[in-house]
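Reading through the structure tokens given below for one structure.
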Amino acid sequence: MATANFTLLDETRAVQVPVTLNGAQVRIAPVALRTALGWELKPQGLCKDDICVPTGGQPGLVSNDGVDLAGFANVVRRPLAIDLDEHAACLGVSASDRSAQLASLTAPDFTLPDLNGTRHSLSDYRGKKVLLVAYASW
Numbered sequence: 011m012a013t014a015n016f017t018l019l020d021e022t023r024a025v026q027v028p029v030t031l032n033g034a035q036v037r038i039a040p041v042a043l044r045t046a047l048g049w050e051l052k053p054q055g056l057c058k059d060d061i062c063v064p065t066g067g068q069p070g071l072v073s074n075d076g077v078d079l080a081g082f083a084n085v086v087r088r089p090l091a092i093d094l095d096e097h098a099a100c101l102g103v104s105a106s107d108r109s110a111q112l113a114s115l116t117a118p119d120f121t122l123p124d125l126n127g128t129r130h131s132l133s134d135y136r137g138k139k140v141l142l143v144a145y146a147s148w
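Residue numbers for the sequence shown, in the numbering used here: 11 to 148.
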């Protein structure tokens, strides 16, 4: 087992977290899980705000070395990509959250510069008709 700092990407932000590596398994301490993702390990399971997910039926999810990151992603139903060589992991958005976003017909906010370098956010134009033109050179 070895310890390392991992870059954990969670939707729109990157957080450095200490982890324990055991082969291909990445374990994160409960304190780091709470700090990085807002999930707290409690007797009733993993909890965030008023949501608690039971962990009892997940053998190996929680140990003295922390919470298995892949097991955590599975329990909270979020896709996970881990690159052990680069010490990075990315937690994707859950299918139910993506589905709710699509059903809302509201585009996610983003900010891009125009040709003069002035930055524009999509949220600045809410309630107005917007034409987005995308171009790729390939």
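Note that beta-carbon positions come from the ideal geometry of N, C-alpha and C, so glycine has one too. These figures come from a predicted structure and were not determined experimentally.
| Check | Outcome |
| --- | --- |
| Skipping 5 residues on each side, what residues in its chain have a beta carbon closer than 6 Å to that of Ala98? | Thr17 |
| Quick one: is Leu112 buried, meaning 16 or more other Cβ sit within 10 Å of its Cβ, or exposed? | exposed |
| Could you pull out every residue in the same chain whose Cβ sits closer than 7 Å to the Cβ of Gly81, ignoring the five residues on either side in sequence? | Gln68, Gly70, Leu71 |
| Are there three or more Cβ pairs, one per stretch, closer than 8 Å when the segment 13-33 is compared with the segment 83-103? | yes |
| What is the rounded straight-line gap between the Cα of Lys139 and the Cα of Thr121? | 17 Å |
| Quick one: grab the DSSP three-state call for Ser104. | coil |
| Near Ala46, what residues of its chain come up, given a Cβ to Cβ distance below 8 Å and the 5 sequence neighbours on each side ignored? | Leu18, Asp20, Val25, Val27, Ile38 |
| Kindly provide the ranges of any alpha helix (DSSP H) runs that are 4 or more residues long and lie completely inside the segment 60-138, ordered along the chain. | 79-85, 105-114 |
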